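Trainee: Chains as they are written, first to last, in this note's numbering: chain A, -9 to 168; chain B, -9 to 168.
Okay, here's the thing in structure tokens:
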């Protein structure tokens, strides 16, 4: 790593794809106040010091009323000069979550619609964003071939110098589970 | 995403694992000025507006003199209250690169040693960091079973509202290549 200290250049946004494996459905929302109403995964910005998985679970609950737990990291988008970030850069991370509750009670300030949608339908529809469409195809692959083919799992490790912990996300294979 | 604009909370660091597939070796360095000399992948902080892959290639060249090209994203670490980030958070991303040149000409201000090391040796040695050790095992899996088993590939997509492009990193399967 560099010899010079840096400064913060990125905001972190996290979306949660809550996948119900038994029904093959995923929780999606449509934003209020958008010209095109496209299905997407609920999500939002990380609070300072908040872990990726915590943001995903919190934002999903705030937007949809559904409780869930973190399973894996799936994808990352990097965008510079982000309009919602005062010209800074944006890192948008998509996680896979498992539902703990199923009843939808969505935030009408943020969302126009909220549904459990068939993942296969989400992968086919044009009423979605390019990222959501690609992630739906990825989730379909996971449903059919096992989520171990698509997941980056989380491992918490101690930082030697500070006594704190950090989170490492990577593809874990059976032989690697130390 | 959230209704409120955010502010930057994270600095982005990127390391590059330059893998020579023909020899099964990877480029590693040991930092100068560390109490314990551990093998790690060269890397450093992203400049504002710089893409992940560009940072990896630039930092590898600055530290080691080896030219390379971006192949995939492999792993992410999130750490809060980072000592080198003025108490902000740090996102540290590890990429896989392919070498374009092989001759080492390392930066003696930053590095004590720099070598092409057998990936299998790096996966076994105790003279490394917990992250590097895990990534070496992951790379070994890639060498043996194909890097398509471990890679998150990059796709560049147009941002509808700004005319700019963003980079999406995800596991691409043959059926997904649209």
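Note that the Cβ used here is the ideal one computed from N, Cα and C, for glycine as well. Keep in mind the model is a prediction, meaning the values are calculated, not measured.
#1: Could you check which residue in B/48, B/52 and B/149 has the C-alpha nearest to that of residue 99 of chain B?
#2: So, for residue 118 of chain A: in the same chain, excluding its five sequence neighbours on each side, which residues have a beta-carbon less than 6 Å away from its beta-carbon?
#3: Runs of 3 residues minimum, wholly inside the stretch 40 to 105 of chain A: which ones carry the beta strand (DSSP E) assignment?
#4: Quick one: grab the DSSP three-state call for residue 132 of chain B.
#5: Against chain A, which members of the stretch 144 to 166 of chain B pass a CB distance test of less than 9 Å?
#6: First and last residue of the alpha helix (DSSP H) that includes residue 112 of chain B?
#7: Would residue 200 of chain B and residue 68 of chain A qualify as a contact pair, given that the criterion is a beta-carbon distance under 7 Å?
#8: What number of angstroms, rounded off, separates the C-alpha of residue 137 of chain B from the C-alpha of residue 94 of chain A?
#9: Which residue or residues does DSSP assign as beta-bridge partners of residue 140 of chain B?
#10: Pick out whichever of B/122, B/8, B/3 and B/11 has its Cα sitting closest to the Cα of residue 78 of chain B.
#11: Beta-carbon of residue 32 of chain B versus every beta-carbon of chain A: anything under 7 Å?
#12: Below 8 Å on C-beta distance, what does residue 71 of chain A contact in chain B?
#13: If you measure from the beta carbon of residue -1 of chain A to each beta carbon in chain B, is any gap under 7 Å?
#14: Provide the residue span of the beta strand (DSSP E) that contains residue 14 of chain A, from first to last.
#15: At the level of alpha carbons, what is the spacing between residue 1 of chain B and residue 133 of chain B?
#16: Could you tell me which chain A residues have their CB closer than 9 Å to the CB of residue 133 of chain B, listed as they occur along the chain?
#17: Run through DSSP, which three-state label would residue 38 of chain B get?
#18: Does residue 148 of chain B come out as helix, strand or coil in the three-state DSSP assignment?
#19: Under 8 Å between beta-carbons, which chain B residues line up against residue 128 of chain A? List them in chain order, please.
#20: Name the residues in the stretch 84 to 111 of chain A whose C-beta lies less than 9 Å from a C-beta of chain B; which are they?
#21: Per DSSP, residue 118 of chain A is paired with what?
#22: How many angstroms separate the CA atom of residue 135 of chain B from the CA atom of residue 62 of chain A?
#23: Rounded to whole angstroms, what is the Cα-Cα separation between residue 15 of chain A and residue 38 of chain A?
#24: State the beta-bridge partners of residue 7 of chain A as determined by DSSP.
#25: Within its chain, find whatever has a CB closer than 7 Å to the CB of residue 130 of chain B; leave out the 5 residues flanking it on each side and keep chain order.
#26: Kindly list, in the order they appear in chain B, the residues whose Cβ is closer than 8 Å to that of residue 67 of chain A.
#27: If you measure beta-carbon to beta-carbon, which residues of the stretch 43 to 62 of chain B are closer than 8 Å to chain A?
#28: Could you work out which residues of chain A lie near residue 64 of chain B, taking near to mean beta carbons separated by less than 7 Å?
#29: Closer than 7 Å by beta-carbon distance: list the chain A residues that pair up with residue 36 of chain B, in chain order.
#30: Going by DSSP, name the residue or residues bridged to residue 20 of chain B.
#31: Please name the residues in the stretch 1 to 33 of chain A whose beta-carbon is closer than 7 Å to at least one beta-carbon of chain B, in chain order.
Mentor: Straight from the coordinates:
#1: In terms of CA proximity to residue 99 of chain B, B/52 leads the group B/48, B/52 and B/149.
#2: Closer than 6 Å at the Cβ level, and outside the excluded window around residue 118 of chain A, lie 28 and 29.
#3: 58 to 69 and 79 to 89
#4: helix
#5: Cβ contacts with chain A come from 145, 147, 148, 149, 150, 151, 152, 154, 155, 156, 157, 158, 159, 160, 161, 162, 163, 165 and 166.
#6: 109 to 114
#7: Residue 200 of chain B is absent from the model: chain B starts at -9 and stops at 168.
#8: 40 Å
#9: Per DSSP, none; premise fails for residue 140 of chain B.
#10: B/3
#11: no
#12: Neighbourhood of residue 71 of chain A in chain B, by CB distance below 8 Å: 39, 152 and 154, in chain order.
#13: yes
#14: For residue 14 of chain A, there is no enclosing beta strand (DSSP E), as DSSP marks it with neither H nor E.
#15: 31 Å
#16: Going along chain A, no residue has its Cβ under 9 Å from residue 133 of chain B, so there is no contact; the nearest lies around 13 Å.
#17: It is coil, neither helix nor strand.
#18: strand
#19: Around residue 128 of chain A, the beta-carbon contacts reaching into chain B at under 8 Å are 160, 161, 163 and 166.
#20: 84, 99 and 100
#21: A/29
#22: Each residue's alpha carbon lies about 22 Å from the other.
#23: 32 Å
#24: A/86
#25: 109, 110 and 113
#26: Correct list: 156, 157, 158 and 159.
#27: 49
#28: 160
#29: -1
#30: Looking at the DSSP assignment, residue 20 of chain B forms a beta bridge with B/103.
#31: 1, 2, 3 and 33
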